[in-house]
Amino acid sequence: MSEGRIMVVEDDILTLSFLVKLFERRGFEVEGVPSGGEAVRRVEELGEFDLVLLDIVMPGLSGVEVCELIRERYPMFRLPVLFLTALAQPSEVARALEAGGNDYIVKPPQEDELFARVRNLIRLKRAVEENEELQELLRLKERLFNLVAHDVKVPASSILQAAALLREGVPAGLERYLSGIEEAAGRILGLVKGFLGYARVRRLVDLERGAPVDLSVLLLQVVQRWKDRARAKGVGVAYGFDRGRPWTVRGDPLLLEELMDNLVGNAVKYTYPDTLVRVMLEERDGRVRFAVADEGPGVKETDRERIFQEFVSLSREGGMGLGLALVREVARLHGARVGVEDAEGGGAVFWVEFEGTVERDREDGL
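The sequence shown begins at 1 in the UniProt record's numbering and counts up by one.
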């Protein structure tokens, strides 16, 4: 297998011949070119080189001019240029690098140093190409994902709307079938929402320096949203926090609300009928802790790490296992930690701990 395809540009024929043979012995495919003008033509015609080894001082087009013309077609890491220079004068080297050269080496080059620099630049070029290919695959994946999500979301919403209309005149014996339709369509919409939310969060980087967000306000909104759905299962939703202090962190309010919504919804889903889900804000060692406790089957200690991974679901009801993965990603973006532990008397407590609060920032003069 070839080490790579390179072009050597050197006006001294003996040096050119020596370098071509040297690279061929090391397993490279080599094009030897004696002038700058010829080098530019080869790049325009062939183009598929991994590296150009380019003499700086040549009659006609200089190495610097050749490099500038190459850079009009190829960025630095799509076609690396390694300059050869007889005298490593700072001004000469600076001009070469400003023209788009990746590196330089003094003539006559030490063989080991020459090949080390060449291989490093080729490895970097290939890594950049692989990254670009992966980015393109990710863009394609995202486009396909959004198309599929849209194509699933629209008919599922239509099913729910049709089911709501049918309820007005459905015979009593058919109500359970209609409930099954509504439940299945609702689950499909939940999966789509989970996919879209998780994909959106994965594109973000860091939200620790976001705007101040009062978690107590979000908590009340989320609890109110889940109370009716929980009541249909015979489940109560209670909340508790100290109203005499701020529960403020920095971040994105929509994402933090989605984090809370997922944890409360998860608790309502898993807790046993005729039990209570408790939603709390607490202070633990100077950190703000949001916690949701249920009275369900709990989580085995061996499952407590992987339950927050994407596509891991321990649910007897099925699902794609993205809700808790989304919680973990939102927490990570806010510099927070997530975890699960046993609830007193049975069940599980899922929690998120935020490192800093606005209250603490005030003490720092912010």
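C-beta atoms are modelled at their ideal positions from N, C-alpha and C, and glycine is treated no differently.
Nearest-angstrom Cα separation, counted from residue j out to residue i
i: residue 316; j: residue 75; result: For residue 316, the pLDDT reaches just 40, beneath the cut-off of 50, and the residue's location in the model is therefore unreliable, leaving the point undetermined.
i: residue 20; j: residue 45; result: 20 Å
i: residue 326; j: residue 259; result: 7 Å
i: residue 92; j: residue 80; result: 18 Å
i: residue 234; j: residue 126; result: 59 Å
i: residue 25; j: residue 55; result: 21 Å
i: residue 252; j: residue 272; result: 32 Å
i: residue 213; j: residue 333; result: 14 Å
i: residue 277; j: residue 300; result: 19 Å
i: residue 180; j: residue 353; result: 38 Å
i: residue 100; j: residue 71; result: 7 Å
i: residue 348; j: residue 338; result: 13 Å
i: residue 292; j: residue 229; result: 16 Å
i: residue 319; j: residue 129; result: Any answer about residue 319 is weak, because its pLDDT of 46 lies below 50 and its placement is not dependable; what the coordinates show is given next. About 36 Å.
i: residue 225; j: residue 77; result: 52 Å
i: residue 114; j: residue 120; result: 10 Å
i: residue 282; j: residue 351; result: 10 Å
i: residue 67; j: residue 134; result: 28 Å
i: residue 343; j: residue 131; result: 45 Å
i: residue 118; j: residue 287; result: 51 Å
i: residue 303; j: residue 328; result: 15 Å
i: residue 73; j: residue 112; result: 30 Å
i: residue 38; j: residue 211; result: 58 Å
i: residue 227; j: residue 136; result: 43 Å
i: residue 171; j: residue 139; result: 49 Å
i: residue 173; j: residue 163; result: 15 Å
i: residue 12; j: residue 60; result: 13 Å
i: residue 90; j: residue 257; result: 57 Å
i: residue 222; j: residue 265; result: 9 Å
i: residue 262; j: residue 218; result: 13 Å
Selected residue, minimal CA-CA separation from residue i, among the options
i: residue 249; options: 78, 355, 349; result: 355
i: residue 280; options: 246, 350, 82, 241; result: 241
i: residue 346; options: 308, 50, 69, 297; result: 297
i: residue 340; options: 333, 307, 331; result: 307
i: residue 116; options: 301, 23, 294, 285; result: 23
i: residue 216; options: 244, 342, 28; result: 244
i: residue 158; options: 128, 256, 173, 189; result: 189
i: residue 247; options: 337, 11, 290; result: 290
i: residue 236; options: 37, 67, 165, 295; result: 295
i: residue 369; options: 287, 255, 305; result: There is no way to answer for residue 369, as the model of the chain reaches only from 1 to 366.
i: residue 220; options: 229, 232, 238, 61; result: 238
i: residue 52; options: 60, 69, 59; result: 69
i: residue 231; options: 275, 284, 175, 263; result: 275
i: residue 123; options: 95, 267, 5, 286; result: 5
i: residue 323; options: 59, 269, 343; result: 269
i: residue 58; options: 10, 95, 336, 90; result: 10
i: residue 160; options: 135, 178, 169, 171; result: 178
i: residue 167; options: 182, 156, 109; result: 182
i: residue 284; options: 336, 64, 60; result: 336
i: residue 28; options: 39, 42, 3; result: 3
i: residue 368; options: 165, 137, 169, 186; result: Nothing about residue 368 can be reported from this structure: the residues present for the chain run from 1 to 366 only.
i: residue 97; options: 137, 43, 163, 64; result: 64
i: residue 41; options: 266, 176, 7; result: 7
i: residue 156; options: 176, 48, 184, 305; result: 184
Range of the contiguous beta strand (DSSP E) that encloses residue i
i: residue 238; result: 236-240
i: residue 291; result: 287-293
i: residue 276; result: 276-284
i: residue 342; result: 337-342
i: residue 18; result: Where residue 18 is concerned, there is no enclosing beta strand (DSSP E), although the alpha helix (DSSP H) it sits in stretches over 13-25.
i: residue 260; result: Taken as a continuous stretch (DSSP letters only), residue 260 belongs to no beta strand (DSSP E), being part of the alpha helix (DSSP H) at 253-270.
i: residue 174; result: Careful: residue 174 lies outside any beta strand (DSSP E) and carries neither H nor E.
i: residue 299; result: Neither: residue 299 is in no beta strand (DSSP E) and is coded neither H nor E.
i: residue 247; result: Here residue 247 belongs to no beta strand (DSSP E), and DSSP marks it neither H nor E.
i: residue 84; result: 81-85
i: residue 4; result: Unbroken run through residue 4: none, as it is neither H nor E.
i: residue 355; result: Element bounds for residue 355: n/a, residue is neither H nor E.
i: residue 10; result: Segment: none, residue 10 is in no beta strand (DSSP E) and carries neither H nor E.
i: residue 31; result: 29-33
Closer than 8 Å to chain B by CB, residue i
i: residue 238; result: This model lacks chain B altogether; it includes just one protein chain.
Extent of the continuous alpha helix (DSSP H) to which residue i belongs
i: residue 226; result: 215-232
i: residue 330; result: 323-333
For the 8 Å Cβ check, are there 3 or more pairs between the region 28-36 and the region 9-20?
yes
When you compare the region 102-115 with the region 77-84, are there three or more beta-carbon pairs, one atom per stretch, that lie closer than 8 Å?
yes
At 3 residues or longer, and completely inside the region 87-144: list those beta strand (DSSP E) runs for me, N to C.
103-106
Enumerated in chain order, which unbroken segments of the alpha helix (DSSP H) with a length of 4 residues or greater are wholly contained in the region 40-72?
none
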